[in-house]
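Worksheet: the structure to be examined is printed underneath.
In this note's numbering, the protein residues as written are 5 to 391.
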């Protein structure tokens, strides 16, 4: 029975961890096989997530580079080089990264920009544009301009002195000039037009600027504030398109109210998910999705793709053991309830030993494994829409 299960898994499910998981469900097997499969199913599924080949691209397409804009979810270390307190270039951040060193990524290891770059066959590590050690080959295959603490609302990055989306676009213009000087106009045009772009931001707008400060709430209710965010997002997409980008993946807001810090601040004594934050995120997402559809209709060459991590995260939280997670309501670092950035240090008491059991690394950011699973579920199945 186990042999047949493996053979069918290999033939039918090798490119779909979700199918593999469903196929190996103990409900479908005789009781004599259940206990053995319960021990190996999660291991096999996670093996497939990590070891399946890069996603299949249509018509033998090749992605020259991955270029990323956004906030701490996809910041691989840009904040190391700017004057802000929003940093994580110190232990225990990066303890499971290559070389077991902190890089400025807001996790214990790789972040979504890395997983996406690997998924489309570009490279395993997507560097920060502001890394002084970058070589021209690093630039040619893509970088991240993201800055932890940023957002769609122009006020959000000002509060914590990080790179706004406008700042990130200015750096992108410099990036284009650099590669143009190195490889010429024709190849630069190909890189710019054929690359996959990822835009991942907005959570700080809701969780921090709107819900945690008095700077916007007196002037905007949630519907009006999400309108402001969408208007800013639309302007950013338009300018990015004007610079030559065509394949743009736009990441939705997650279920913000379910991240550990929001549970602590707004989830009551039971630390449940904050419905206010989740409703705001959901409202923004519906408007964002509609805006993306309108953008694609208006500009035939545009390939904006909505990447839904809201429902992906909810699914993981509601079914953690299916993905090998044991803890979903607090992070690995310290107590896991409030620690993030400078509050998460090597001296934080209680930091877990095995972060792979935790959906979240700190109170705001997923663990490397959490990011890997989320990226696989939300991005890989949507790749065909970029073409």
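Ideal Cβ placement from N, Cα and C applies to all residues, glycine included.
Does the Cβ-Cβ distance between residue i and residue j come in under 8 angstroms?
i	j	result
residue 115	residue 200	no
residue 265	residue 111	no
residue 183	residue 134	no
residue 261	residue 208	no
residue 210	residue 192	no
residue 250	residue 185	no
residue 177	residue 292	no
residue 252	residue 72	no
residue 130	residue 147	yes
residue 234	residue 322	no
residue 317	residue 329	no
residue 232	residue 157	yes
residue 263	residue 149	no
Exposed or buried, what is residue i when buried is set at 16 or more other beta-carbons lying within 10 Å of its beta-carbon?
i	result
residue 333	buried
residue 80	buried
residue 170	exposed
residue 384	buried
residue 225	exposed
residue 372	buried
residue 391	exposed
residue 215	buried
residue 351	exposed
residue 376	buried
residue 190	exposed
residue 103	exposed
residue 87	exposed
residue 382	buried
residue 242	exposed
residue 140	exposed
residue 388	exposed
residue 282	buried
residue 109	buried
residue 392	This structure gives no information on residue 392, because the portion of the chain shown stretches from 5 to 391.
residue 228	exposed
residue 278	buried
residue 239	exposed
residue 222	exposed
residue 267	buried
residue 272	exposed
residue 236	buried
residue 374	buried
With a cut-off of 8 angstroms on the beta carbons, I'd call residue i and residue j a contact; round off their distance for me.
i	j	result
residue 76	residue 369	6 angstroms
residue 113	residue 106	No, residue 113 and residue 106 are not in contact; Cβ-Cβ is about 11 angstroms, not under 8 angstroms.
residue 83	residue 151	6 angstroms
residue 195	residue 68	5 angstroms
residue 119	residue 280	Their Cβ separation, rounded to whole angstroms, is 30 angstroms, which puts residue 119 and residue 280 out of contact at 8 angstroms.
residue 159	residue 219	6 angstroms
residue 74	residue 205	4 angstroms
residue 342	residue 362	Contact flag wrong, Cβ pair sits at about 15 angstroms.
residue 230	residue 284	7 angstroms
residue 70	residue 132	Actually they are not in contact, since the Cβ atoms of residue 70 and residue 132 sit about 13 angstroms apart, beyond 8 angstroms.
residue 78	residue 136	About 20 angstroms separates the two Cβ atoms, so there is no contact after all.
Just to confirm the assignment, what range does the alpha helix (DSSP H) spanning residue i have?
i	result
residue 176	169 to 187
residue 377	372 to 382
residue 341	From DSSP, residue 341 is part of no alpha helix (DSSP H); its letter is neither H nor E.
residue 282	279 to 302
residue 368	Element bounds for residue 368: n/a, residue is neither H nor E.
residue 214	First-last for residue 214: undefined, no H or E at that position.
residue 97	No alpha helix (DSSP H) holds residue 97; DSSP gives it neither H nor E.
residue 314	314 to 322
residue 120	116 to 123
residue 265	264 to 270
residue 143	140 to 144
Over what stretch of residues does the beta strand (DSSP E) that includes residue i continue unbroken?
i	result
residue 246	Where residue 246 is concerned, there is no enclosing beta strand (DSSP E), although the alpha helix (DSSP H) it sits in stretches over 226 to 246.
residue 417	Residue 417 falls outside the range modelled here, since the chain spans only 5 to 391, and no answer is possible.
residue 201	200 to 204
residue 308	307 to 311
residue 166	It is not in any beta strand (DSSP E) - residue 166 carries neither H nor E in the DSSP assignment.
residue 333	331 to 335
residue 71	70 to 74
residue 362	362 to 364
- Given 8 angstroms, three or more beta-carbon pairs between the stretch 89 to 97 and the stretch 342 to 351: yes
- Would the stretch 287 to 294 and the stretch 250 to 260 be scored as touching if the rule is three or more Cβ pairs under 8 angstroms? yes
- Query: Do the stretch 57 to 69 and the stretch 309 to 321 touch if we need at least three Cβ pairs shorter than 8 angstroms?
  - Reply: no
- Message: Check whether the stretch 352 to 363 and the stretch 335 to 342 are in contact - that is, three or more C-beta pairs closer than 8 angstroms.
- Response: yes
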